[in-house]
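Residues 1 to 257 in the working numbering are what the sequence shown lists, from first letter to last. To start, the structure itself, in structure tokens.
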Amino acid sequence: MAERYRRPEHWLDADWEAKAQENPLLAIMTTPCMSEAAPTDFSPGQLDDFFAKGRRLFDAHLKPLLEGLDPEGPVVEYGCGAGRIMKAVIDSGHPCAGIDISPTMLEHCRKLVPEASATWLLDEAGRCAAPSAQAVLVYSYSVLQHISSLERYITALDEMCRMLKPGGALAIQVNCEDFKAGPDAGYRTENFETYSLHFRPSRVGPYKRKEQDHWSGVYIGYDFLVRLLADRGVTAERWYYHNPHKPRAIWAVGHKR
Ligand SMILES: C[S@@+](CC[C@H](N)C(=O)[O-])C[C@H]1O[C@@H](n2cnc3c(N)ncnc32)[C@H](O)[C@@H]1O
Numbered sequence: 001m002a003e004r005y006r007r008p009e010h011w012l013d014a015d016w017e018a019k020a021q022e023n024p025l026l027a028i029m030t031t032p033c034m035s036e037a038a039p040t041d042f043s044p045g046q047l048d049d050f051f052a053k054g055r056r057l058f059d060a061h062l063k064p065l066l067e068g069l070d071p072e073g074p075v076v077e078y079g080c081g082a083g084r085i086m087k088a089v090i091d092s093g094h095p096c097a098g099i100d101i102s103p104t105m106l107e108h109c110r111k112l113v114p115e116a117s118a119t120w121l122l123d124e125a126g127r128c129a130a131p132s133a134q135a136v137l138v139y140s141y142s143v144l145q146h147i148s149s150l151e152r153y154i155t156a157l158d159e160m161c162r163m164l165k166p167g168g169a170l171a172i173q174v175n176c177e178d179f180k181a182g183p184d185a186g187y188r189t190e191n192f193e194t195y196s197l198h199f200r201p202s203r204v205g206p207y208k209r210k211e212q213d214h215w216s217g218v219y220i221g222y223d224f225l226v227r228l229l230a231d232r233g234v235t236a237e238r239w240y241y242h243n244p245h246k247p248r249a250i251w252a253v254g255h256k257r
């Protein structure tokens with residue numbers, strides 16, 4: 001397995017736009033190879049690794065969901081970064097658009113994946129110009145755990161559900177070690193804004209930012225996630241671990257009614 005590379009210390013307090021300007025590939029893919037990447041001109045080897053990882057993620061988590069849906073139906077990635085997964089979606093025949101909070105990430109996405117059908121920048125309220133009720137699949141990978149307020153988290157879910165057409169699939173990857181155990185097992189599952197940092201079941205309090213990894217985010221618990229989606233017309237049907245050997249992130253999958 002590839003060695004992990006820790007993000008630079010000063011990124012603990014950096015926003016996504018700053019990281020995108022400094023080293024966008026490392027901000028997305030924390031591998032030693034990306035630590036050497038330049039802010040703009042990427043080597044062929046780095047790009048090969050980048051898109052190969054996007055393809056693996058697509059094959060494992062999104063391709064099965066597209067089977068049975070309109071083969072030319074539009075797909076949207078929420079938090080698309082530089083477009084490594086979008087490229088695999090487009091190669092599968094679907095038009096794919098991306099949404100992000102960082103203008104520089106979207107600039108890279110447009111250069112690296114010129115076939116993208118659109119890119120939309122979130123506004124200050126966390127909304128974007130993507131049309132409602134058009135997408136056959138809306139997905140998000142490695143984004144929601146970076147949102148540090150419950151209000152913004154809910155806005156993100158709201159936007160994703162809004163874009164889905166009836167029958168369309170939603171697939172969101174979220175980090176939470178609490179999901180499996182649930183509230184009855186004594187694990188905190190709804191830390192909301194009071195404890196907006198990262199909880200682990202073995203801890204009685206929130207991690208302090210410097211003690212933990214390179215993100216801080218809202219962990220809302222599966223039950224609450226299901227309710228939020230249901231309120232927005234999406235029935236959550238199942239979840240599974242992103243990596244069963246490292247059970248800290250799940251994919252939640254559902255469909256728009
Ligand atoms: C780790 S990267 C993942 C990018 C892409 N999903 C991938 O896997 O290649 C996280 C991305 O989410 C974006 N992001 C962070 N907070 C966001 C938010 N509140 N709404 C939308 N995008 C956000 C960042 O700018 C960055 O491009």
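Here a beta-carbon is modelled for each residue, glycine too, at the ideal position from N, C-alpha and C.
Secondary structure note for Leu106: its alpha helix (DSSP H) is the uninterrupted segment Pro103 to Leu112.
For Ile90, there is no enclosing beta strand (DSSP E); the enclosing alpha helix (DSSP H) covers residues Arg84 to Asp91. Contact annotation: the segment 129 to 148 touches the segment 71 to 88, with at least three C-beta pairs closer than 8 angstroms.
Under the criterion of beta carbons closer than 8 angstroms, Leu170 and Cys161 qualify as touching, at roughly 7 angstroms. For Asp49, the enclosing alpha helix (DSSP H) covers residues Pro44 to Leu57.
Relative to Asp223, the option among His245, Gly233, Ala252 and His242 whose CA is nearest is Ala252. Uninterrupted alpha helix (DSSP H) stretches at least 4 residues long and entirely within the segment 106 to 167 occur at 150 to 163, given in chain order. Annotation: the continuous beta strand (DSSP E) that includes Ala236 extends over Val234 to Tyr241.
With 16 or more other Cβ atoms inside 10 Å of its own Cβ, Tyr153 counts as buried.
In the displayed model, Glu67 falls within coil according to three-state DSSP, outside both helix and strand. Taking a cut-off of 7 angstroms from the heavy atoms of ligand 1, the residues with a C-beta inside it are Trp16, Ala20, Ala27, Ile28, Gly54, Leu57, Glu77, Tyr78, Gly79, Cys80, Gly81, Ala82, Arg84, Ile85, Ile99, Asp100, Ile101, Ser102, Met105, Leu122, Gly126, Ser140, Tyr141, Ser142, Val143, His146, Ile147, Arg152 and Ala156. Looking at the DSSP output, Trp251 bridges to Gln173 and Tyr240. The Cβ atoms of Ala130 and Met163 sit closer than 8 angstroms to each other.
Between Trp120 and Cys128, the C-beta gap is smaller than 8 angstroms, which places the two residues in contact. Taking Pro24 as reference, the option from Ala52, Ile172, Glu107 and Glu72 with the minimal CA-CA separation is Glu107. Residue pairing of Gly73 in beta bridges, as defined by DSSP: absent, with no partner found. Beta-bridge analysis with DSSP links Asp100 to Leu121. The segment 29 to 47 makes no contact with the segment 58 to 76: fewer than 3 CB pairs, one atom from each, lie closer than 8 angstroms.
Sequence-distant partners of Phe58 (beyond 5 residues in either direction) whose C-beta falls short of 8 angstroms from its own C-beta, in its chain, are Ile85, Ala88, Val89 and Ser92. Relative to the Cα of Gly83, the nearest Cα in the group Glu72, Pro64 and Ala20 belongs to Ala20. In this structure, the beta-carbon distance from Pro166 to Arg238 does not fall below 8 angstroms. A straight-line Cα-Cα distance of about 33 angstroms links Lys111 and Val234. Non-local C-beta neighbours of Leu228 in its own chain, meaning closer than 7 angstroms and more than five positions away in sequence, comprise Ile154 and Leu157, ordered along the chain.
Pairing Arg56 with Asp49, the inter-Cα distance amounts to about 11 angstroms. For Glu22, the enclosing alpha helix (DSSP H) starts and ends at Trp16 to Glu22. Comparing alpha carbon positions, the residue from Glu72, Ala116 and Phe51 closest to Met29 is Phe51.
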